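*Asks:* I have a structure I would like to understand better, so I am pasting it below and will then ask my questions one at a time.
Residue numbers (the working numbering), protein chains in the order written: chain D, 2 to 288; chain Z, 3 to 171.
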């Protein structure tokens, strides 16, 4: 065998090895591309599916059904008192929010009196976001029950009863519909089969979500948010701390020289004559 | 330079020589990160409005992007979890994970710097909280820990019991 021949054989073998290496590298590259493509396809498919599915699952911002007598362009607001009263008190409250409970126990008698005197027209926004931060369904179930009470014409009375019996924030008693129905017995005429069905079937669940989504989009970030004629007054109005006496003073000042609205309790129990703050009776039981 | 001659020269990259124990550590890291993404994704799915609000509360994205991100993000997280569990395309998935975690950390830091009071909504929840209840430092440290997991997989993507391993063999 000549030198030349041997050299030619070696180069042939080297060429073959090189070719094989190149093929392997190409195959690895192809595999990598396929795997990478598959990974990106899985991610894209998941995201697209997620957006479509969640879009379908989400409740509309304009509710399909709203409790009787609600106001606003999407019927998200529960009005209390005479609509011709000269001042509007706007209140955003969550049934589970402890600060709302404290506020209500201190102020509900005064607010009810101002309503009955035709001095304020209350616009209640029943929000339900505590359930997001503290596990449970008490905000949503409580808000639905309040919507049901509005349907039955007993919103204010049931609202006052709920806040008087508010459990601790971490206790989800209002998540139990039996507790809500039991508390409704304290309001004359509310404990009807229609009300029970409304609470048990979560009839206004979509409305409750729409009210919360409206709050989400608002500039208000906590509850209670209390506005007098659009001006925030909780916890302070300017430099003045809110108290029942100050609230009356501010309302009277705003109403000065204006015609008061129709007096009367609009079908609710008349406001108490005293304004002493009420005690809390926490952790109601279902029994 | 004294030392052993390089054995397999040539243009083809030499296969990574990674100790076996490291591949098992990689498996644990991969499954750990999968649990993180799976948990984070599932916690954000139940209430679409809540997920959207968690995004909106950062006050970074325009309103038109709030819902697509709020709705799509949990599914992105679940897809990453799934891919990590089966171990497919680990380096790419780790890269996407790292980018996502960096975005989260930047978002939390931005909220902190601007003085707004939110829960990060990392594992459900989210939205505005009382100023006394913000936990920005803990949230950033936690996400940094997750970022280290993703970084390990970027560095050593080959792990035991993975689809990548079976495809290569």
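C-beta atoms are modelled at their ideal positions from N, C-alpha and C, and glycine is treated no differently.
The structure presented is a predicted model; accordingly, all values stated were derived computationally and were not measured.
Applying the 10 Å Cβ sphere with the 16-neighbour rule, what's the burial state of residue 64 (chain Z)?
*Replies:* Residue 64 (chain Z) is exposed by the Cβ-count criterion.
*Asks:* Would you mind telling me which residues of chain D sit closer than 7 Å to residue 70 (chain Z), beta carbon to beta carbon, in chain order?
*Replies:* Near residue 70 (chain Z) (Cβ distances below 7 Å), the residues of chain D are 52.
*Asks:* Hey, out of D:263, D:243, D:204 and D:220, whose CA is closest to residue 65 (chain D)'s CA?
*Replies:* Per the Cα distances, D:204.
*Asks:* Once you ignore the five residues that flank residue 139 (chain D) on each side, which residues in its own chain have a CB closer than 6 Å to its CB?
*Replies:* Excluding residues within five positions, the ones whose Cβ falls inside 6 Å are 97, 173, 175 and 176.
*Asks:* Just the chain D side, please: which residues come within less than 8 Å of residue 131 (chain Z) by C-beta, in chain order?
*Replies:* Simply 134.
*Asks:* Closer than 7 Å by beta-carbon distance: list the chain Z residues that pair up with residue 66 (chain D), in chain order.
*Replies:* Within 7 Å Cβ-Cβ: nothing; residue 66 (chain D) doesn't reach chain Z, min ~17 Å.
*Asks:* Kindly say whether residue 159 (chain Z), judged by its beta-carbon, lies nearer than 7 Å to any beta-carbon of chain D.
*Replies:* Taking Cβ atoms only, chain D never reaches closer than 7 Å to residue 159 (chain Z), which makes this a no.
*Asks:* With a threshold of 7 Å between beta-carbons, can residue 36 (chain Z) be considered close to chain D, or not?
*Replies:* Not one chain D Cβ lies under 7 Å of residue 36 (chain Z).
*Asks:* What's the C-alpha gap between residue 1 (chain D) and residue 178 (chain D)?
*Replies:* With chain D running from 2 to 288 in the structure shown, residue 1 (chain D) is simply not present.
*Asks:* Within the continuous beta strand (DSSP E) that includes residue 126 (chain D), where are the two ends?
*Replies:* Note, residue 126 (chain D): beta strand (DSSP E), 121-127.
*Asks:* Starting from the beta carbon of residue 59 (chain D), find every residue of chain Z whose beta carbon is closer than 7 Å, and list them in chain order.
*Replies:* By Cβ distance, chain Z contributes 50 and 51.
*Asks:* Assess, as a yes-or-no matter, whether the stretch 52-68 of chain Z is touched by the stretch 118-129 of chain Z under the definition of 3 or more beta carbon pairs within less than 8 Å.
*Replies:* Contact holds: three or more Cβ-Cβ distances are below 8 Å.
*Asks:* Closer than 8 Å, Cβ to any Cβ of chain Z: which residues of the stretch 203-221 of chain D, in chain order?
*Replies:* So the close ones are 210, 213, 214, 217 and 218.
*Asks:* Go through its chain and collect everything with a Cβ distance to residue 98 (chain Z)'s Cβ below 8 Å, but skip five positions before and after it.
*Replies:* Same-chain partners within the cutoff: 82.
*Asks:* Taking the alpha-carbon positions, what's the residue 108 (chain D) to residue 101 (chain D) distance?
*Replies:* Their Cα atoms are separated by approximately 10 Å.
*Asks:* Compare the Cα-Cα distances from residue 194 (chain Z) to each of Z:92, Z:166 and Z:155 and report the closest residue.
*Replies:* Coverage of chain Z is limited to positions 3 through 171, which leaves residue 194 (chain Z) absent and any answer about it impossible.
*Asks:* I want to see whether chain D comes within less than 7 Å of residue 60 (chain Z), judged by CB atoms only; does it?
*Replies:* Residue 60 (chain Z) does not count as touching chain D.
*Asks:* Residue 95 (chain Z) and residue 84 (chain Z): beta carbons closer than 7 Å?
*Replies:* Cβ distance not < 7 Å, so residue 95 (chain Z) and residue 84 (chain Z) don't count as in contact.
*Asks:* Less than 6 Å between C-beta atoms, sequence neighbours within five positions excluded: which residues of the same chain meet that for residue 40 (chain Z)?
*Replies:* Counting only Cβ-Cβ distances below 6 Å, and skipping sequence neighbours, we find 83.
*Asks:* Between which two residues does the beta strand (DSSP E) carrying residue 243 (chain D) extend?
*Replies:* Unbroken run through residue 243 (chain D): none, as it is neither H nor E.
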